[in-house]
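Q:
Protein chains: 6
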Amino acid sequence: MKLLNSRILVIIGLSVWACFLFRQPAFAQLINFSKQDLIDYTAQNPFGRLPDGRPKVPDDLIERARGLSSEEVWEVLQNKHFNNQYADGFQVLHPGKTMVGRAFTVQFMPLRRDVDGVAESKAKEHGIARLENQTAIDLLQPGDVLVVDLFGKKVDGTIVGDNLFYYVMQATHGGGLVVDGSVRDLQGIAEIDMPAYFRSVDPNPIDNVMMTGINVPVRIGNATVMPGDLVVGDREGVYFVPPQFVQEVLDSADETHIHDEWTKKKFAEGKYKSSEIYSTPADSKLRQEYQEYLKKRLQELRRERAAKKPD
Amino acid sequence: MKLLNSRILVIIGLSVWACFLFRQPAFAQLINFSKQDLIDYTAQNPFGRLPDGRPKVPDDLIERARGLSSEEVWEVLQNKHFNNQYADGFQVLHPGKTMVGRAFTVQFMPLRRDVDGVAESKAKEHGIARLENQTAIDLLQPGDVLVVDLFGKKVDGTIVGDNLFYYVMQATHGGGLVVDGSVRDLQGIAEIDMPAYFRSVDPNPIDNVMMTGINVPVRIGNATVMPGDLVVGDREGVYFVPPQFVQEVLDSADETHIHDEWTKKKFAEGKYKSSEIYSTPADSKLRQEYQEYLKKRLQELRRERAAKKPD
Amino acid sequence: MKLLNSRILVIIGLSVWACFLFRQPAFAQLINFSKQDLIDYTAQNPFGRLPDGRPKVPDDLIERARGLSSEEVWEVLQNKHFNNQYADGFQVLHPGKTMVGRAFTVQFMPLRRDVDGVAESKAKEHGIARLENQTAIDLLQPGDVLVVDLFGKKVDGTIVGDNLFYYVMQATHGGGLVVDGSVRDLQGIAEIDMPAYFRSVDPNPIDNVMMTGINVPVRIGNATVMPGDLVVGDREGVYFVPPQFVQEVLDSADETHIHDEWTKKKFAEGKYKSSEIYSTPADSKLRQEYQEYLKKRLQELRRERAAKKPD
Amino acid sequence: MKLLNSRILVIIGLSVWACFLFRQPAFAQLINFSKQDLIDYTAQNPFGRLPDGRPKVPDDLIERARGLSSEEVWEVLQNKHFNNQYADGFQVLHPGKTMVGRAFTVQFMPLRRDVDGVAESKAKEHGIARLENQTAIDLLQPGDVLVVDLFGKKVDGTIVGDNLFYYVMQATHGGGLVVDGSVRDLQGIAEIDMPAYFRSVDPNPIDNVMMTGINVPVRIGNATVMPGDLVVGDREGVYFVPPQFVQEVLDSADETHIHDEWTKKKFAEGKYKSSEIYSTPADSKLRQEYQEYLKKRLQELRRERAAKKPD
Amino acid sequence: MKLLNSRILVIIGLSVWACFLFRQPAFAQLINFSKQDLIDYTAQNPFGRLPDGRPKVPDDLIERARGLSSEEVWEVLQNKHFNNQYADGFQVLHPGKTMVGRAFTVQFMPLRRDVDGVAESKAKEHGIARLENQTAIDLLQPGDVLVVDLFGKKVDGTIVGDNLFYYVMQATHGGGLVVDGSVRDLQGIAEIDMPAYFRSVDPNPIDNVMMTGINVPVRIGNATVMPGDLVVGDREGVYFVPPQFVQEVLDSADETHIHDEWTKKKFAEGKYKSSEIYSTPADSKLRQEYQEYLKKRLQELRRERAAKKPD
Amino acid sequence: MKLLNSRILVIIGLSVWACFLFRQPAFAQLINFSKQDLIDYTAQNPFGRLPDGRPKVPDDLIERARGLSSEEVWEVLQNKHFNNQYADGFQVLHPGKTMVGRAFTVQFMPLRRDVDGVAESKAKEHGIARLENQTAIDLLQPGDVLVVDLFGKKVDGTIVGDNLFYYVMQATHGGGLVVDGSVRDLQGIAEIDMPAYFRSVDPNPIDNVMMTGINVPVRIGNATVMPGDLVVGDREGVYFVPPQFVQEVLDSADETHIHDEWTKKKFAEGKYKSSEIYSTPADSKLRQEYQEYLKKRLQELRRERAAKKPD
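Chains A, B, C, D, E and F, in that order, are what the protein sequence lines are. Using our numbering, read the first sequence as starting at 3 and increasing by one per residue. Using our numbering, read the second sequence as starting at 3 and increasing by one per residue. Using our numbering, read the third sequence as starting at 3 and increasing by one per residue. Using our numbering, read the fourth sequence as starting at 3 and increasing by one per residue. Using our numbering, read the fifth sequence as starting at 3 and increasing by one per residue. Using our numbering, read the sixth sequence as starting at 3 and increasing by one per residue.
1) Which partner residues does S202(E) have in the DSSP bridge list?
2) Secondary structure at D151(B), three-state DSSP: helix, strand or coil?
3) Counting contacts by CB-CB distance shorter than 8 Å, is A309(C) in contact with chain D?
4) Measuring only the C-alpha atoms, how far is L40(B) from Q31(B)?
5) Taking the alpha-carbon positions, what's the R115(E) to F84(F) distance?
6) For G176(C) and K266(E), what's the separation of their Cα atoms in angstroms?
7) Based on Cα-Cα distance, which residue from A105(C), P57(C), S276(C) and L300(C) lies nearest to V147(C)?
8) Have a look at D118(A) and K156(C) and give me their C-alpha separation to the nearest angstrom.
9) Over what stretch of residues does the alpha helix (DSSP H) that includes A105(B) continue unbroken?
10) Between which two residues does the beta strand (DSSP E) holding F242(D) run?
11) Check whether the region 53 to 72 of chain E touches the region 233 to 242 of chain E, counting contact only when three or more Cβ pairs, one atom from each stretch, lie closer than 8 Å.
12) For G190(F), I'd like the list of residues in its chain whose CB is within less than 6 Å of its CB, leaving aside the five on either flank, ordered along the chain.
13) Considering only residues of the same chain and omitting the five flanking positions on each side of K58(C), which have a CB-CB separation below 6 Å?
14) Taking 8 Å as the threshold (C-beta atoms), are V180(B) and V218(B) in contact?
15) Does the Cβ of A121(B) have 16 or more other Cβ atoms within 10 Å, making it buried, or fewer, making it exposed?
16) Starting from the Cα of M111(F), find the closest Cα among R56(F), L63(F) and T214(F) and give me that residue.
17) What alpha helix (DSSP H) runs, 4 residues minimum, are completely inside the region 242 to 284 of chain D?
18) Can you tell me the Cβ-Cβ gap for M380(C) and T44(C), rounded? I've got them flagged as a contact below 8 Å.
19) Am I right that I279(F) and F269(F) are in contact with their C-beta atoms under 8 Å? What's the rounded C-beta distance?
20) In terms of DSSP beta bridges, what is Y88(D) paired with?
21) Would you mind stating whether V150(A) and F167(A) have Cβ atoms separated by less than 8 Å?
22) Would you mind telling me which residues of chain F sit closer than 7 Å to T214(B), beta carbon to beta carbon, in chain order?
23) Are any of the Cβ atoms in chain A nearer than 8 Å to that of F269(D)?
24) What whole-angstrom Cβ distance do G183(A) and G223(A) have, given they're in contact under 8 Å?
25) So that I know if they touch, is there some Cβ in chain A lying closer than 8 Å to that of L152(D)?
26) Near D90(E), which residues of its chain fall below 8 Å by C-beta distance, leaving aside the five closest residues on each side in sequence?
27) Cβ of P144(D) within 8 Å of Cβ of T174(D)?
28) Which residue comes first and which comes last in the beta strand (DSSP E) that contains M213(B)?
29) Residues in the same chain with beta-carbon distance under 7 Å from F24(F), minus the five sequence neighbours each way, listed in chain order, please.
30) Less than 8 Å between the C-beta atoms of L63(F) and L252(F), yes or no?
31) Expressed to the nearest angstrom, what Euclidean distance is found between the alpha-carbon atoms of E77(D) and N86(D)?
Structure follows, in structure tokens:
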């Protein structure tokens, strides 16, 4: 094909490259979800992105999110009609410890050798030796929470034991783990200071499954999780907050915290019936008192935060 | 109607008044159970009554009841053939903390707008602005335990969040909560020092239900609870003790405590097989030893109690 | 009391009578819900009433209702925001046989001897020998469906065996039974031609419960049932339709039947994609065709019904 | 860009075209799985393909498969170590009727408006008006079985009512339905002669979900289903047979049928202990008798089949 | 040992023989329960015995028992305080078909190779080739019902497929099967006319278990079953009747049948409230009427039975 | 019988004695499993035996076993194809406290008075006053773990309350309790420092069951437990280790501990991906580093252990 000089080849190459860049799955995994897909489907992300394309909720917002509870997230998401972002029914490893971080998602399906064989071959072509839980775990970043769809599997559905749990803690800087499946080595895991939410515990290592996607959309209980969602876990369960709502959730939570503070203060005075104070004071004077309290405390909060920030 | 002079009118008025006084529901609520009904159906109550008609187990007996465990209540009620006074299967908020108090009952049913509309209208006629969870909560008294039938509802079945839970603690002086339903804000609730028994936790506030009765007979699991029952909760579950059995339960528990004390002391000596000591010593000398121990300890207990009482 | 002459006595008597008539529970049962309460809380009933105060959905509408399915009821009630009128999860005795009738409700609670003793005494004062399942069953009328809250009880929660089931069939003219509890003698019951919905089956007769109300509001699963509701049961579950919606449900069902008829006819032609026909034809000509079909068939239906009616 | 003459443009165009042809999802759906992906991952398919890329198990094999039972499929797949191709725990609509056909898969996830908005926009760019259950249903072919992942959802998880169920029957020529979710209008569906396997029934139409993939790999219970798998359903549950094993399964089933025939015949003689005959005759004469029977019956079977085939 | 002449040796031999005869397990199975044990523990058996030591409820009583239902058995056993002879929660293969026969029990436990190895060796010493489900099945007698404890196991807990189910039918003359475990080949089994009660269905053959006892006491749900018990299964569940109560159960059932007959006849007249007739007529004339009816029908029944018996 | 002189009588006596010694159940209990049976079925036991015939895993190995976790046991047993030695799903009394000891097994079945009556009579002949939970408990030895099959019974299935739990702690020197059933007096039990695993808690004392075997093979969940097994319980569940594998499990656990130690140390360095280190280092230098570490630490461990031993 003489006609094609190098310049043309470059162009063709580019078009093919573009084709591959945006469409090609990260690991030739069964469930395709390219970096471009991720960017397209999280287009409302107001923040920057991680190199793998995931929205990057900024570190300082993640820090602020440590004060969140399920109810505070609920309020904002409910108003936006995002009712499927919450999952519960987990065993909570450290009930007093809030989990906060960016969702790094992994999907498994029941092993099917013909399909897995193709995926493994494709992976090898891309220089990936094997497709397994560690393939995903090795890609974790600081600030991540590992979110795994193992379809509720107990036996053979143990995403990590204590060694890999320790690694996840190191790699994510204590981010956390949510698995719709199980863990093993609970005895060892219990001593490691990272939040974790799992369905069950089993001594058998992971088996009879195939890893079908890294950073693809996954379902955890009744929640649809996108890579890069802000994950917030407390004693009750786990919220997956789309990045576009993070700022509003945090600002709203500030008000809720102050509102709770004031409400309990008034209750502690022992002079009021609950309905005179909560949820909104019945009396206009009390409403004004609250408004002033809110204003003052918000200012204090902002000052505190400003003081904490490095210049 | 000339015939009716004022005196007669008074009489008629009285009869009508009586009719209303005893038959009219407290809040024109769907499930009628008037003060007179309450008095009739708890006629065996040996103590005084609260202004709302509930039996008032005396404060000092409530204090003594803090030492009770499920088994001790079981023994007396079983002998009386009261087998339906126990409920378990709850999440226990503070497993080490016994719950004791007088049952203040609330009943909810699935919302039905035609019925609820009538109830709300009737309530307004009696000066009640709304029929909702706070309507009941605002009536709580020191020493009460709030007992709520929310028919096991999780989503939308959250009787309180942390603010109202805090209010309940203040109003009942730390009495407690039993709900055949859920709570929200577990993160906040966990920090509040009041016993609580609930089926589940959910971030959604209470919704899609109607309050159908305050201080009416309610069912919690397999137990029938009457307003004013002594509520006793430990790690296992919750007992609802009819007032007429409270004194006997407490006296019997004194003996059980001493029996357990002595039994363990003998076991600790390491000289006996369990059946030589428990439940009744086989040997007559040991039986006598126990009887003397029991007598001595009972006297000590009574002396201690007398000493504690204000003169 | 000389002052009171007979006329005055009559007046007082009347007021007391009124007081008793409207407030007094039918059987001095634990859960009060007088005839007047029933009338008040079902004030939207557009039909007449049975002697016991229940709304009386007319016989011809009950006959028409035999053609209803769950989905058709759902549509109207959903639009009215009556979302808690459906219960499922039952064993269905005769899956092919629709159940239709007026709700006759009965409530049981776990036996509590002190309370039950008072109720039985009160009942005796009103000439009722015993408070038990047959007390309620003996009051059933033709066209009734017996709706029983036995709080899901299996063992000892058997509302009827085959003898009483046969009696219910006779008394209600084949109305039906819904019990949030169990039945016994399934072998015998299976041979009797009356629809029945129950949670489970057990050989033990009813025991360890007390009947706490006849024709009171009851909860069956997540539904609030009022006496006189139109009960509609099919293979899926049971709807409890407030009387004020019965006419609209039936008229709407006529249209749904015709719509389904036409839709399936068009599908059978094999020329259309489902979305071209269902739920609304995309094409304006098809829409017109449907409108004409609907009009014609509605007229036919009405003519048929008119023909059936006795003059 | 003068340099690019038309010939080169064609080449570039082709490469881009190829890029789109093979990588672009069928409906710009959230879960990408292009025709080329499908071809790659089902590369062991020994048969032709449908226009949408799915393996096409031939019609005559599908007919033969009507005689299969779960156990017969199990035997071959077990030997191949394909242990995750079976799902059970369904309500079976017509227990006596075997379901056989080619898997047409559909995946749903809990609704998430930001993601669904992007998918809908992308779909519109490709000329698809809406992404919903009917989008998939309208693509069904004769011989298909509709296989739907609705993640076990009951309320709002009803893939079809009786109208669309009727359409599916028409479009697939009675193929069938497997849904890890629910159906509505069971009353109407029960009268339609097509096999169906569902988890539950509910009167609410499908809602609060988004369709995320058509003919993508899906999980049904513990089975991984690929588009084009041979679906075989009997009273017990459903098998999803990879096309490469279909011939072997059918041939093996012929032998199993004959083996069962002979075994029962021998048992019916009443002369043998079960272990003398089953699973393999202990006696060499009996083994020989069986071998001859097998040979004869296999020949008869083949002759029958040949006779049935159109020339 | 010269001292021992042959006569003495015979004696010793006899004592050893007796020792082995009565103590030695039938198949050197893990759970010992010798013929003598069986005779000792069923000493109240009023009938003869089968060669294996099981009580032999006579054939004519078994025939009469076909008319029994669960409730009728319940009544007699309840009176005897035998409350643990009933099991339910099964899938019932042929709901309209009563199961009646003598319990032939088999017990399995989770496979443990060290223990199973010893059992198999011991079995070989007694001429038993293998210990497996067919070892037991091959011992079934006409009139037996196979009762199997497979501890609720679904996967790998399938006691029979259709071939062995057919054998059991042949060997027991249609007796029946109760398994606290599963069956396979339901498609084939459903066509065979023998009653069966099982927990679940699975395509995997029995595996990963060891047979630990034949005709030993077994637990099925909450029932303790002894070999030779009369097994009675109807739509509800299964009763295991100790032989000593069989006659009384049957006689009592005759009266119950007549009582039900008469009760329904009176109900059908439409003149009585249920409580006037059932369970005992309130009116003395009716009571007399019933007594006469009972007497007459009992005589008829006896005459019919006598007529049926071969002379 | 003149012929038999005393010497002969001795011989016969011996043979009968042997017969009884080895065949006779310990307590004439329903489920026979003689000392000889126990010895036969645990023939692979490499250690000595307790006087009751149970294998006696030596005390120092029991001490070493306190460091075991479920996973470490799993690894060795899995390799031996002993997959049914693990049970979970328990409430764990003291989650941080490992349970280790020799299995002392007890079996209960639902009470059946005819059978129990025979067993009690036989027991009395052997000088046993009653067959009940304390009969077994009184036989416990230091180092035992009480393992009880109460077939998952909650109500009436409470093996111990706090008094007997205290006794078990004293008698076993803090060994532990595993019950497939319930306990009572949780309030009191929670204060006693002994590990316990139970299914549920209930206030009713044990009732309506009969003790059918002491130190017989029992099933706990999916595990077959033999008397004398090494019981190891951690936060996850309980392993029952056949004595013949104890040494290997412990030696293997030493390596696992060191491997985990080294793996976490490398992870803590933050230089490696998980797959570079775990489960086996990819790099040969790292592999060598690990081998040297392992060798050194094993030597240290052995030295430590030698130092601890009394000379």
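Every residue gets a Cβ at the ideal spot worked out from N, C-alpha and C, and that includes glycine. As the structure is a computational prediction, the values presented were derived from the model and not from experiment.
A: On the basis of the data shown:
1) For S202(E), which the question treats as bridged, DSSP gives the partners S184(E).
2) strand
3) False, the Cβ-Cβ gap to chain D never drops below 8 Å.
4) 15 Å
5) So the two alpha carbons sit approximately 7 Å from each other.
6) 15 Å
7) A105(C)
8) Each residue's alpha carbon lies about 48 Å from the other.
9) Where A105(B) is concerned, there is no enclosing alpha helix (DSSP H), although the beta strand (DSSP E) it sits in stretches over M101 to P112.
10) G239 to V243
11) yes
12) D164
13) F49, G50, R51 and L52
14) no
15) buried
16) When each option's Cα is compared against that of M111(F), the closest is T214(F).
17) 248 to 271 and 276 to 279
18) This structure gives no information on residue 380(C), because the portion of chain C shown stretches from 3 to 313.
19) 7 Å
20) Y241(D)
21) no
22) By Cβ distance, chain F contributes nothing, its closest Cβ being about 30 Å from T214(B), past 7 Å.
23) no
24) Contact doesn't hold; Cβ gap of about 12 Å is too wide.
25) So, not an interface residue.
26) G223, E238, G239 and V240
27) The criterion of a C-beta distance shorter than 8 Å is satisfied by P144(D) and T174(D).
28) First-last of the beta strand (DSSP E) with M213(B): V211 to I216.
29) The predicted model places F24(F) with a pLDDT of 37, which falls under 50 and marks its position as unreliable; any figure quoted below should be read in that light. So the list reads S36, K37 and Q38, once near-sequence residues are dropped.
30) yes
31) If I take the Cα positions, the gap works out to 13 Å.
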